[in-house]
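Written below as structure tokens is the structure these notes are about.
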Amino acid sequence: MAIRKIATDALDFILESCKASHPREFGALLEADGDTIINIIYLPGTDSTSRSVSLKTWMMPNMPHAGSVHSHPSGAVRPSEQDLIFFRTNEVNIIVGDPYTRESWKAFDKNGDIMPLEIVEYEFEEEFDDEIDDEIDDEI
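Per my numbering, the sequence shown starts with residue 4, numbered consecutively.
Structure (structure tokens):
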């Protein structure tokens, strides 16, 4: 299923993560539920500088991912040549530029073309939360 949306909470978390990493680049993978990005996946061993981020994709847990996200501390919200090479393996790629606001990010497809993502409210299934609560209660 094609990615068309991003959850408000996921976008806000991405923006805060980019701010926290500044002046270094932030980088992670994206998790989706159907057509909606709902979370980010940090990879162990990720290296970042003020000019690049290196994701160690061989550290990826055995789970699917929908794409990538990284920041550009320079504020430029356009893919570099190296970004375009990495984009080829992902359905959607988000670049966030300084000052890391809802107005300073764009999504790109695997060819580097801008793709719109609708910002939506996303509700996690209540059942999942109840299962975790039950497991914790059982352990106590």
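Using N, Cα and C, we set each Cβ at its ideal position, and we do this for glycine too.
(message) Check this for me: beta carbons of residue 9 and residue 122, under 8 Å apart or not?
(response) Contact flag set, yes.
(message) Closest to residue 69 by C-alpha separation, out of 25, 43, 99 and 107, would be which residue?
(response) Nearest in C-alpha terms to residue 69, of all of 25, 43, 99 and 107, is 43.
(request) Could you check how far apart the C-beta atoms of residue 33 and residue 95 are, in whole angstroms? I think they sit under 8 Å. (result) At roughly 7 Å, the Cβ-Cβ gap stays under 8 Å, so residue 33 and residue 95 are in contact.
(message) Quick check: the Cα distance between residue 19 and residue 126, rounded to an integer number of angstroms?
(response) Going from the Cα of residue 19 to the Cα of residue 126 covers about 20 Å.
(request) Would you tell me roughly how many angstroms separate the C-alpha atoms of residue 98 and residue 21, rounded to the nearest one? (result) Near 10 Å, if we compare the C-alpha coordinates of residue 21 and residue 98.
(message) Going by DSSP in three states, residue 33 sits in which element: helix, strand or coil?
(response) In this structure, residue 33 counts as strand in the three-state DSSP scheme.
(request) Report the three-state DSSP secondary structure of residue 111 (helix, strand or coil). (result) If DSSP states are grouped into helix, strand and coil, residue 111 belongs with the strands.
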